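Numbering (this note's numbering), first residue to last: 219 to 621.
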Ligand SMILES: *Cc1c(COP(=O)(O)O)cnc(C)c1O
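Written out as structure tokens, the structure is:
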């Protein structure tokens with residue numbers, strides 16, 4: 219069986235995890251701090267806080283920004299449930315918009331019509347690793363009429379004076395947009411280091427801050443470190459210093475810090491990340507080459523004039539396939555022992571979001587993009603021979619089902 223996206227775990231990763239285990243310090247400590255610094259250096263943002271998942275990082279972040287009941291946050295309808303769930307749990311209302319036909323990312327026109335005086339943030343999602351249109355989004359939220367109708371409800375929001383631009387960068391670590399890396403493209407970006415993502419720490423995430431210069435990023439870092447550790451003003455490592463046992467709890471915080479065991483995996487992953495990107499790029503090009511002359515194939519966009527994907531997901535669409543025939547094609551592929559997937563079921567198809575009033579018929583592009591989409595395996599250890607097996611299997615399956 220060719221798996222869909224196994225992690226790259228080899229002797230170097232294992233050795234670094236063992237070193238962390240033997241070091242005498244296994245929770246947040248020197249490896250986590252180093253990992254945060256390395257991410258900041260790589261992404262070119264201002265400061266980075268490592269956390270235990272994208273989800274909890276974003277949850278704490280929304281709380282920190284003061285987003286809650288009565289507020290609205292705009293997200294694409296085409297994303298993983300996490301993007302919406304954190305908004306629901308914050309007490310705010312998720313406002314879903316449709317996507318572009320060509321690239322699975324949220325549509326700027328749809329965002330524009332969704333903005334109201336209650337809009338506090340827009341969360342763009344870099345689906346498959348291709349960055350959303352951050353320049354257009356930033357221009358939009360800086361338009362005079364949009365700024366005029368913005369209501370700040372605390373000091374931070376007042377200081378920014380406009381809608382906050384968030385990036386769900388769960389897929390896009392290493393992606394480039396106008397010469398800048400993901401993590402530095404929005405006011406605040408959040409990565410996921412879940413086991414299936416491009417860069418993994420088993421579970422984990424990082425919040426990358428890149429707010430305007432009048433924000434003090436070193437105090438933001440200190441504030442966030444407190445917030446992700448119950449509001450304690452000292453972390454466990456600081457408390458072990460001689461005579462430093464006493465601490466205060468400055469607010470009721472959350473608990474979602476990254477451990478040094480996770481960071482050990484991340485440090486190695488990041489150190490050799492370019493190798494990973496290069497391999498993924500090569501697989502993308504092999505798929506692209508194999509399908510570009512097939513009349514039924516709609517290849518995904520992954521390199522454009524101003525964007526380079528992180529090559530996370532190869533989102534192939536089968537022209538002429540409907541939901542049912544797409545599922546049948548996938549079954550044929552599985553029968554060849556090749557794992558494929560669908561990214562994503564648009565949120566309005568799922569019970570939780572239907573129950574709060576979302577209707578799939580309001581998001582026709584999202585539905586169309588989902589109905590004939592099949593994600594193909596892409597990962598470092600996938601060999602060229604396996605890529606060929608995937609290609610042959612897809613071609614055969616399409617022929618069998620669509621004729
Ligand atoms: C994986 C993923 C998340 C959630 O990441 P976790 O680290 O598992 O919390 C959020 N958004 C998108 C688009 C994802 O694919």
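Think of the CB as a built atom: it goes at the ideal place given N, C-alpha and C, for glycine as much as any other residue.
Nothing here was measured: the structure is a model prediction, and the numbers come from that model.
{"Check": "Residue 556 in three-state terms, based on DSSP", "Outcome": "strand"}
{"Check": "Chain-order list of residues whose beta-carbon lies under 6 Å from that of residue 481 (same chain, five-residue window excluded)", "Outcome": "249, 250, 253"}
{"Check": "Classification of residue 343 by the beta-carbon crowding that lies within 10 angstroms, buried from 16 upward", "Outcome": "buried"}
{"Check": "Same chain, Cβ closer than 6 Å to residue 488, neighbours up to 5 away in sequence not counted", "Outcome": "256"}
{"Check": "8 Å contact criterion, which residue 410 and residue 385 should meet: CB distance rounded", "Outcome": "Not quite, the Cβ-Cβ distance comes to about 12 Å (not below 8 Å), so this is no contact."}
{"Check": "DSSP-derived helix/strand/coil call for residue 354", "Outcome": "helix"}
{"Check": "C-alpha gap between residue 236 and residue 307, whole angstroms", "Outcome": "37 Å"}
{"Check": "Beta carbon proximity, residue 475 to chain D, threshold 8 Å", "Outcome": "Included in the structure is just one protein chain, with no chain D present."}
{"Check": "Nearest candidate by alpha-carbon position, reference residue 470, set 443, 525, 425, 494", "Outcome": "443"}
{"Check": "Segment limits, alpha helix (DSSP H) that includes residue 535", "Outcome": "Note, residue 535: premise wrong, no alpha helix (DSSP H); beta strand (DSSP E) at 532 to 536."}
{"Check": "Residue 475, DSSP secondary structure in three states", "Outcome": "strand"}
{"Check": "Cut-off 8 Å between Cβ atoms - residues of its own chain near residue 449, not counting five sequence neighbours on either side", "Outcome": "467, 468, 469, 470, 471"}
{"Check": "Residue 388 Cβ short of 7 Å to ligand 1 heavy atom set", "Outcome": "yes"}
{"Check": "Cut-off 6 Å between Cβ atoms - residues of its own chain near residue 345, not counting five sequence neighbours on either side", "Outcome": "322, 323"}
{"Check": "Contact belief for residue 506 with residue 416 at Cβ below 8 Å, rounded distance in angstroms", "Outcome": "Incorrect: roughly 18 Å between the Cβ atoms, too far for contact."}
{"Check": "The segment 567 to 582 contacting the segment 335 to 342, beta-carbon criterion three pairs below 8 Å", "Outcome": "no"}
{"Check": "Secondary structure of residue 450, DSSP reduced to three states", "Outcome": "strand"}
{"Check": "Whether residue 598 touches residue 497 by CB criterion (8 Å)", "Outcome": "yes"}
{"Check": "Cut-off 6 Å between Cβ atoms - residues of its own chain near residue 613, not counting five sequence neighbours on either side", "Outcome": "none"}
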